[in-house]
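*Asks:* Chains as they are written, first to last, in this note's numbering: chain V, 6 to 345; chain H, 6 to 345. Built from N, CA and C at the ideal position, the CB exists for glycine as well. Computed from a predicted structure; not experimentally measured. Pasting a structure here, questions to come.
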């Protein structure tokens, strides 16, 4: 497929602190040929997620770093344009990990087919994909909210937080969301049905939480760590559970900031547990059944923030780490074709 | 019993930072009479434990603060000298909580009789009492060490740590203890059979741990928090478990110090869980059976640091918070009588 130009965004320099657009570079290369058992696909949607900040750092994480001058990793919805694998036909849509490029070659066995009649294609990167699954498993398996308990969610209008909060609501909890703008606060309360919302940029967190969670906090779904975690710890109830799902507050930090004093964990016999969704594959079918059902019944609402064109991915990603997106951030890389 | 003079140590002023002897005052008062259902007992042994530092502070903890001008709380082994309760006879030994005083009146139903033929009386305040039970339940129920895993214990020659490390050894783990002197390091390695010991005052912790725990850390039995916890977190394995049993490093702090950065919890999907032994009463019989057995078989060794006379309790307690004791700190308040 040497006639197809593959646009790729490579990691040019490792960001120090907040990434800059100059840390990324767009290149054009020939599109590779798929070998036996492989497929070539065109990226339709690229997911942008906070975890990618860790991948473009040199430090240890739960997965290998992206090498310099390599394509940045990322989940994609892709359409098959050439198949050397019997299970995939040209035109099929697949959940893939092409990363930040317009075309990619993948081994067939690593792919999952997506049925576009079930839900919008891009949902497989959000509410019905990794972020939604993270929300589901971390909330239910680690947080374990009981009816009447209070659940606090940080980054609550984001791809993970919004789903976590709505599932907590479905399970009968009082749900408080922490967000970064009044618009997002209105959204989680008025659209998503959270019991209360806090704008961390304009409200003083400790008293705002006291007011929003008058009976104390039983579950804290932590996407951020930092000052929010520290403040929440001062208001947890006996036996509180804190799934640590993300540390957005420090992804751009140039040195490792201190964490919260842990005395409240002892006093309240509470737990903090690091969460990574890949440990919960055995729950994927439950997730897909439950969350698909809640989407269809309207109990879960879902909002996307779609950026057009791969070229805009770096700027959108930088904004994501600043909390500038509103809803699940997705890049529309190309148009899906109906095959007619 | 107005003819008996009761010596009491009262909290005179709330300590700021490290307690001073002048924060305590010794008074002599008449000994009260037991009412119906109560017993009067003479304190034979008083236990001194780090948790008492929290009780003499004003801040929130898992139990109420000691009021100013009140007797400091504390577990005791006491001998009944007058009984208005049918289950207790004069001369019986009981596990009690007379606190820092020579006599105390207690409701009979709050007491447990101790059989002095089973083990030395004072063991009920240590290896066969609250500290030993803490070690047992926090290690086995939260830490859950598996054979061949590496367990690190801080304050490892102390009343809790020494028992935790030896139980981990019995369960087939590689055990590393962190202590505050060469003498204590020799003790835990040569006497207690720990695989390695680290003197945190003379050794650099990170490389010393790397060497002592070359396969990483699976369980960290945390008595201290602070810099030890922070360093351990950098060397934990996937799925590590950290029972947070004490925060000795900060009990004398005048303001709440920051804690460790929690990124390693996420990367390693590890957990920290606050532990309080009173939540594990259902395990007490298991504990007493197992640890008594290991004591008799010689698999668990036990060392006491006995201070004579109630007057010396404040100084001994101050030393305990500095790590100056060597073994379980006990005050011998009076001599037990055989009743003959």
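#1: Report back the beta-carbon spacing between residue 273 of chain H and residue 241 of chain H to the nearest angstrom; my notes put them in contact at under 8 Å.
#2: Could you check where the beta strand (DSSP E) with residue 87 of chain H kicks off and where it finishes?
#3: Just the chain H side, please: which residues come within less than 9 Å of residue 257 of chain V by C-beta, in chain order?
#4: How big is the Cα-Cα spacing for residue 22 of chain V and residue 334 of chain V?
#5: At what residues does the beta strand (DSSP E) containing residue 49 of chain V begin and finish?
#6: Beta-carbon separation of residue 71 of chain V and residue 60 of chain V under 7 Å?
#7: At the 7 Å Cβ level, is residue 242 of chain H part of the contact set with chain V, yes or no?
#8: Can you look up residue 337 of chain H in the DSSP assignment and give me helix, strand or coil?
#9: In chain order, which beta strand (DSSP E) runs of at least 3 residues are fully inside the segment 227-310 of chain H?
#10: Quick one, which of H:220, H:224, H:223 and H:179 has its alpha-carbon nearest residue 202 of chain H's?
#11: Of all the CB atoms in chain V, is at least one closer than 7 Å to the CB of residue 198 of chain H?
#12: Taking a Cβ distance cut-off of 9 Å, strictly less, list which residues of the segment 259-293 of chain V are near chain H, in chain order.
#13: Just how far apart, CA to CA, sit residue 327 of chain H and residue 69 of chain V?
#14: Taking only three categories from DSSP, how would you classify residue 213 of chain V?
#15: In chain order, what residues of the same chain lie with their CB nearer than 7 Å to the CB of residue 20 of chain V, ignoring the 5 residues before and after it?
#16: For residue 25 of chain H and residue 17 of chain H, what's the separation of their Cα atoms in angstroms?
#17: Can you list, in chain order, the residues of the segment 222-241 of chain H whose Cβ is nearer than 8 Å to any Cβ on chain V?
#18: I'd like to know if the segment 315-327 of chain V and the segment 44-53 of chain V are in contact, where contact means that at least 3 CB-CB pairs between them fall below 8 Å.
#19: 7 Å is my cut-off, CB to CB: does residue 56 of chain V come that close to chain H?
#20: Check the DSSP bridge columns for residue 225 of chain H and list the partner residues they point to.
#21: Got a sec, what are the start and stop residues for the alpha helix (DSSP H) residue 139 of chain V sits in?
#22: Can a CB atom of chain H be found closer than 7 Å to the CB of residue 145 of chain V?
#23: Would you call the segment 114-121 of chain H and the segment 251-260 of chain H touching, i.e. three or more CB-CB distances under 8 Å?
#24: Within 10 angstroms of the Cβ of residue 344 of chain V, are there 16 or more other Cβ atoms? Answer buried if so, exposed if not.
#25: Taking 7 Å as the CB-CB cut-off, is residue 307 of chain H touching chain V?
#26: Which residue wins for smallest C-alpha separation from residue 102 of chain H, given the options H:94, H:84 and H:93?
#27: Which residues does DSSP pair with residue 106 of chain V in a beta bridge?
#28: Of all the alpha helix (DSSP H) runs that stay within the bounds of the segment 157-186 of chain V, which reach a length of 4 or more residues?
#29: Given a threshold of 16 other Cβ atoms within 10 Å of its Cβ, counted over all protein chains shown, does residue 294 of chain V qualify as buried or as exposed?
#30: Do you know whose CA, among V:194, V:164 and V:186, lies nearest residue 174 of chain V's CA?
#31: By DSSP, does residue 195 of chain V sit in helix, in strand, or in coil?
#32: Between the C-alpha atoms of residue 337 of chain V and residue 79 of chain V, what's the straight-line distance to the nearest angstrom?
#33: Run through DSSP, which three-state label would residue 344 of chain H get?
#34: If we define contact as Cβ-Cβ less than 7 Å, is residue 249 of chain V a contact residue for chain H?
#35: Which residue comes first and which comes last in the alpha helix (DSSP H) that contains residue 29 of chain V?
#36: By Cβ distance below 6 Å, which residues in the same chain neighbour residue 348 of chain V in space, the five residues on each side in sequence not counted?
*Replies:* Looking at the atomic coordinates:
#1: 5 Å
#2: 81-88
#3: Near residue 257 of chain V there are no residues of chain H at all, since even the closest Cβ is about 13 Å away, more than 9 Å.
#4: 21 Å
#5: 43-52
#6: yes
#7: Not closer than 7 Å to any Cβ of chain V, the Cβ of residue 242 of chain H fails to qualify, so no.
#8: strand
#9: 241-249 and 276-279
#10: H:179
#11: no
#12: 261, 262, 263, 264, 265, 266, 267, 268, 269, 270, 271, 272, 273, 274, 275, 276, 277, 278, 279, 280, 281 and 284
#13: If you take the alpha carbons of residue 327 of chain H and residue 69 of chain V, they lie about 43 Å apart.
#14: helix
#15: So the list reads 28 and 61, once near-sequence residues are dropped.
#16: 11 Å
#17: Answer in chain order: 230 and 234.
#18: yes
#19: no
#20: H:157
#21: 135-142
#22: Under the Cβ distance rule, residue 145 of chain V does not count among the residues neighbouring chain H, no pair being separated by less than 7 Å.
#23: The count of Cβ pairs closer than 8 Å, one atom from the segment 114-121 of chain H and one from the segment 251-260 of chain H, stays below three, leaving the stretches out of contact.
#24: With a pLDDT of 49 at residue 344 of chain V, under the threshold of 50, the modelled position of that residue is not reliable, and the figure given next carries that caveat. Residue 344 of chain V is exposed by the Cβ-count criterion.
#25: Not closer than 7 Å to any Cβ of chain V, the Cβ of residue 307 of chain H fails to qualify, so no.
#26: H:84
#27: V:13
#28: Taken in chain order, the complete alpha helix (DSSP H) segments of 4 or more residues contained in the segment 157-186 of chain V are 166-175.
#29: exposed
#30: V:194
#31: Reduced to three states, the DSSP call for residue 195 of chain V is helix.
#32: Rounded to whole angstroms, residue 337 of chain V to residue 79 of chain V spans 13 Å at the Cα level.
#33: Low per-residue confidence applies at residue 344 of chain H: pLDDT is 49, beneath 50, and the placement is therefore not dependable, though the value from the model is reported in the following sentence. Shown here, residue 344 of chain H sits in coil according to DSSP, grouped into three states, outside any helix or strand.
#34: yes
#35: Here residue 29 of chain V belongs to no alpha helix (DSSP H); instead the beta strand (DSSP E) covers 29-35.
#36: Nothing can be reported for residue 348 of chain V: it is not among the residues displayed for chain V, which extend from 6 to 345.
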